[in-house]
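Given below as C-alpha cells:
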C-alpha cells in the first residue's frame, strides 16, 4: 500500500514543499529581526504543544487538560538544573531530562486514571496544574525560602533553533506513530474502546504509553522556553492558558489530519502575539467564544472543510475547462 | 473542650458547607445534564463579585442580594444550557462524544466568564466587611458572617437534598439523571429538566459565591480552586450522587481544616492525595455504584 | 474435546442475578446456540466469557486455562473472539483498517506488517467484502457492518467465535447468507457459539442449543429436542410472533 505512495508524484511534491519550508525556517534568523525570531519561536512552541495534545486526545478521545502541567514541569526542570546559582548540566541534557520528567509524570497520571472512565482523567488533568503550582509555592516558600528561580539566559537564536529542533522531532514522532501499530491501536480506542479491547488491544497500556509520549515534547519545549523567560516562578510556569491554547488550536485546525493542529496553532499563536499587548482580556474572551463556536458548528475543524473545498475547486475547474472546450468546438 | 479541636471542626464545617453546596451543584450538572462544568468556579467567582458590587456600590445587604444574584445566576445557567449545551447534545453523535465535547465547551466558558469578569471588575482582589464582629462559641471566637455562611450552606444543602428526594420535580430530576431518553418517553420534559438542573447548579454556585465573598477576600482567579475541589468531591461522593456530594463536601472540608491547621498551603495537595487514593482503591466513590 | 467449560457461573448486578448457577460446555468443532427470551442473560453470558466484566462466582475454563480475572485483550489472545449485539465497528476507519486491528493485536505472537495485511485481506475475502475494503465503515449497510465485525474477529485467528445476534435486523436473504457464512466458519475449524433470536437460523445450523430463562439454563439439547420441550414452547409462545421464523 504505502510503497506505491512513496514514489507517487504527490508525495514528492509534498516532501519538496516541506523541505523548502524547513530550509526557510532554518535560515530565518539570518534575515529577520530579534523580535520576529521571538514571535516565531513562540509560534513553534505552540505548534509543539498542539500537535502533542492532538496526538493523544485527538485519536483516543480522552480529553487531557494537562499540557500546562507538562509544560510547566519542563520549565521548572530548567529552572532547577540550569539556574544561575548552579549550572549543573549543559543545556541539551537539561532539555532531555525535562522531557523525561514530563514523561514520568504523564505515566503516573495515566496509570492512576486511564484505566477508569474518561471523566476521572479529565478531572485529574484539569486540577494537575493547580496541584503542582501549590506544591511548588509551598516548597519555595517553606524550604527554599525564596520565591522564583533565575534561569541562565541563552541567546534568542539558540532558543529558536532548539525549539525548531524539538518541533521537527515532535512532528516526525507523531507522523511515525500515526502510521505504526501504536497509532492503529490508538485510533481503534478512539473508534470504540470496548471493541478494541476485545480485538486484543491492551487499551490501558496503549493509552498510558501514548499519553507519556505526548508529554515529552511539551516538557522539552517548556525547558527551552524557560531560558527565554529567565525569571520563572510557579505562577508563571504553571498557567492553565497553556492547556487552553493547544485545545483551541487543535480543535480549530481539525484533528483529522496531521497538518490541522499545525495550521490552527500557527493562526492562533500569531494572533495571540499580535493582540496580547493591546487588549488582553478581549482577545482571550474572543478565543473562548471561538472555541465554543467551533465545537458547535465546525467540530471537525478547518481540516473538515478541505474535502468540501476540494470538491468546489474541482467543480469550478471542470466548469472552466468544459466552457473552454465548448468554445473550441463552437469556433471550428 | 479543646479550643483547637473546636476551631478545626467548626471551620472545617464552614468550608465543608461551601464545598457541599458547590459539589451538589456540579453533581446536578453532571448527573443530569451530563456536563462536566469546568467553568463552575467561574460562576462562583462571578456571584462573589456581583455581591461585592451590590454591597459596596449600592449598599444592598449581601444576604438580601441573593434575591438578585440567585435568579440571575440561575437564569444564566438555564440559558447557557438551553442554547449551547442543548444544541451540542443534538449535534453529538454519541453520549461519549457529547461528554468530551461539552468538557471542552465548558473549558471555553471558563475563559469567557473569567475575561468578562476581568473586563467588568479588573484584576484587583476585593473584600468587604459585613457582620464582621466576633462571637464566642465553645470558648473559641468566630466571626459571625462565617457562622451564618455555615448555617445557610448546611440549611440549603439539606433542603435541596429533601427536595430531590421527596418532591415531584425531584423525582423527575432523578429519572432524568438515570436515563434521559426513557425519562423523556415517560413524560418528563427533558428540554426543561436538563437546563433546569444546570441552572440550579449555577444557582448553588451563586449562593456559594455570595457566602465566600462575605467570609474571604475575592479575586478573579478564585474560581479554579473551587472547581477542582468540587470535581474531587463529586468523584469522592460518587459522580452524580447528590447525597454523596453533600457528605463528601463536609469530609473534604474537615480534612482541609485539619491540614490547614498544620500547613495551610498544602490543602490542595491533601485533597489530591485523597482523590488519588480513591481512584486507586474505589473509583465509584463513597455512595457510587461499583 | 471440551474447548470451553463453565461451572456454576453466576453474575449479579446489585441484587439481581443476570446469570444464575449455569453449568455448560462447548466441544471443539460444534455450532452451539444460546437462546432465551429478552433479558434471559444471553449477552451477559457472552460478556462473562469475553471478560467484559468478571464473574460474581463460579468458574470458566478455555482449553483448561482459567478465564477468571482476565482482561478482554488477554481472552482474545487466548483464542476467543466475538461480535457484538450492537455493532461496534470503528466507524471512521476504512473497512480494511477495522480488520487490521484484529489481525495485528488478536494473536499472542507479534505479527509483521505484511503478515497482518495478508491475514486481513484473507478475512475480508472470506466474508465477501474485498471490493469495499477502502470504504469508511460508517458508510456501510448494516449487514456489511456485521460482516466487517465477523472479518475483524476472524482476523484474530480464534478457536472459538462468539456471535451475538448476528442475524438481528437482516432480511431473509441476508439471514440465509449469514447461515452459510457460519457453516463456512465452522468448516475452517472454528467452534461457534451463537446467541440468536431468529429461529430459522438457530434450528437450521446449530447442532446443540442451550436455553436460558431468567439467568438459569433450563434445558439443552438438539434443535428437535428443544422444539418439542414443553417449557421452551411455553416461554416462546409470545416470542414466536417476533422471532420471524
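Residue numbers (our numbering), protein chains in the order written: chain D, 1 to 332; chain P, 333 to 622; chain S, 623 to 867.
Backbone N, C-alpha and C fix where the C-beta goes; we use that ideal spot for every residue, glycine too.
Taking all protein chains in view, the Cβ of residue 461 (chain P) is surrounded by fewer than 16 other Cβ atoms within 10 Å, so the residue is classified as exposed.
In the DSSP secondary-structure assignment, residue 465 (chain P) is not bridged to any residue.
Taking 8 Å as the CB threshold, residue 747 (chain S) stays off the interface with chain D. Between residue 587 (chain P) and residue 340 (chain P), the beta carbon gap of about 10 Å keeps them out of contact (Cβ cut-off 8 Å). Look at residue 178 (chain D): its C-beta is not under 8 Å from any C-beta on chain S.
Going by C-alpha positions, residue 392 (chain P) is about 33 Å away from residue 289 (chain D).
The beta-carbon of residue 60 (chain D) is placed no less than 8 Å from the nearest beta-carbon of chain P. Beta-carbon to beta-carbon, residue 188 (chain D) and residue 56 (chain D) are separated by about 14 Å, too far to satisfy the 8 Å threshold. For the pair residue 83 (chain D) and residue 219 (chain D), the CB atoms are not nearer than the 8 Å cut-off. Going by C-alpha positions, residue 45 (chain D) is about 25 Å away from residue 432 (chain P).
With fewer than 16 other CB atoms across the displayed protein chains lying within 10 angstroms of its CB, residue 853 (chain S) is exposed. From the beta-carbon of residue 281 (chain D), the residues of chain P found nearer than 7 Å are 447, 450, 451. Taking the Cβ atoms as the reference, residue 239 (chain D) lies roughly 6 Å from residue 68 (chain D), within the contact range of under 8 Å. In terms of beta-carbon proximity, residue 181 (chain D) lines the interface with chain S, with at least one pair separated by less than 8 Å. Contact holds between the stretch 110-128 of chain D and the stretch 60-79 of chain D, because three or more Cβ pairs, one in each stretch, are under 8 Å apart. In summary, residue 764 (chain S) is exposed, with fewer than 16 beta-carbon neighbours lying within 10 Å of its beta-carbon over all protein chains present. In the DSSP annotation of this structure, the continuous segment of the alpha helix (DSSP H) that includes residue 198 (chain D) starts and ends at 193-198.
Within chain S, the residues whose beta carbon sits less than 7 Å from that of residue 199 (chain D) are 698, 723, 724, 727, 728, 774, 778, listed in sequence order. Residue 335 (chain P) and residue 362 (chain P) have their C-alpha atoms some 39 Å from each other. Here the alpha carbon of residue 294 (chain D) sits roughly 7 Å from the alpha carbon of residue 301 (chain D). By the Cβ neighbour-count rule, residue 848 (chain S) is buried, with 16 or more other Cβ atoms within 10 Å of its own. For residue 583 (chain P), the enclosing alpha helix (DSSP H) covers residues 574-594.
8 Å or more divides the Cβ of residue 560 (chain P) from the Cβ of residue 581 (chain P). Using a CB distance cut-off of 8 Å, residue 271 (chain D) does not count as an interface residue toward chain P.
Chain S has no Cβ within less than 8 Å of the Cβ of residue 253 (chain D). The stretch 109-117 of chain D and the stretch 202-217 of chain D touch, with no fewer than 3 CB-CB distances between them shorter than 8 Å. Excluding its 5 nearest sequence neighbours in each direction, residue 838 (chain S) has C-beta neighbours in its own chain below 6 Å: 642, listed in chain order. The Cβ of residue 141 (chain D) sits closer than 8 Å to at least one Cβ of chain P. Among the residues facing chain D, residue 437 (chain P) is included, as its CB has a counterpart in that chain under 8 Å away.
Here residue 716 (chain S) carries a strand assignment [DSSP, helix/strand/coil].
Under the 10 Å beta carbon count, residue 518 (chain P) is surrounded by fewer than 16 other beta carbons and is classified as exposed. Boundaries around residue 109 (chain D) are those of the alpha helix (DSSP H), 91-113, since no beta strand (DSSP E) includes it. Excluding its 5 nearest sequence neighbours in each direction, residue 254 (chain D) has C-beta neighbours in its own chain below 6 Å: 260, 300, 301, 302, 303, 304, listed in chain order.
Leaving aside the five residues that flank residue 343 (chain P) on each side, the residues in its chain whose CB is nearer than 6 Å to its CB run, in chain order, 589.
Under the criterion of beta carbons closer than 8 Å, residue 207 (chain D) and residue 116 (chain D) do not qualify as touching, at roughly 11 Å.
Looking at the DSSP output, residue 839 (chain S) bridges to S:834.
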